[in-house]
Each structure stands twice: as C-alpha cells, then as structure tokens.
Amino acid sequence: MAKKEKACKQCRMITSKDTCIYCNINTSGEWFGFVYIVNPEESEIAQKLGVKINGRYALRIR
4 MAKKEKACKQ CRMITSKDTC IYCNINTSGE WFGFVYIVNP EESEIAQKLG VKINGRYALR
64 IR
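The working numbering puts the sequence shown at residues 4 to 65.
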C-alpha cells in the first residue's frame, strides 16, 4: 500500500515522510492543490510562494 503524501507546513514541499527533509518540521496530510516548480529563479509563482528549490508544492495546507 502506498504511503499518503503530505506537505510541509512551512515550505509547502510535498513528500511521503512525516518530517520535511529541508525544514525538519512536521508535515500535514491535509493539503489541497499543488504546483510543480521547475525554475524557481524565473517563476513568478515560485516567488509568491517563497520557493527556492525545484519540486512539487501544496497550494493550501491545513
């Protein structure tokens, strides 16, 4: 059985782990919507979200 994906409460990175590998903060299983960031240096969305690393990020986290 696949593990449920979770999102970091601070940086919004989506992962299957209970703790974010970048922030070392607990993750939440309650998140909605996501966006792929490929080039954070040139992405306006990445700048609005405060993203500096390529990856998949949640748009809303509870």
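Here a beta-carbon is modelled for each residue, glycine too, at the ideal position from N, C-alpha and C.
Close-in-space but distant-in-sequence residues of the same chain around residue i (CB under 7 Å, 5 per side omitted)
{"i": "C14", "result": "C23, Y25 and C26"}
In DSSP terms, what residue i is bridged to
{"i": "I48", "result": "Partner(s): none; I48 has no beta bridge."}
{"i": "V38", "result": "Y60"}
Sequence-distant residues of the same chain with beta carbon closer than 8 Å to residue i, five excluded per side
{"i": "D21", "result": "K9, N29 and T30"}
Residue interval of the beta strand (DSSP E) (run including residue i)
{"i": "K9", "result": "K9 to C11"}
Which listed residue (the options) has its alpha carbon closest to that of residue i
{"i": "V41", "options": "C11, K6, K12 and Y60", "result": "Y60"}
{"i": "N57", "options": "S46, K7 and S19", "result": "S46"}
{"i": "Y39", "options": "E33, I17 and G32", "result": "I17"}
{"i": "P43", "options": "K55, F37 and G32", "result": "K55"}
Own chain partners of residue i with C-beta closer than 6 Å, once the 5 adjacent residues on each side are dropped
{"i": "F35", "result": "R63"}
**OP:** Answer yes if the stretch 46 to 53 comes into contact with the stretch 17 to 31, meaning at least three C-beta pairs across the two stretches below 8 Å, and no otherwise.
**Re:** Verdict: no, contact absent.
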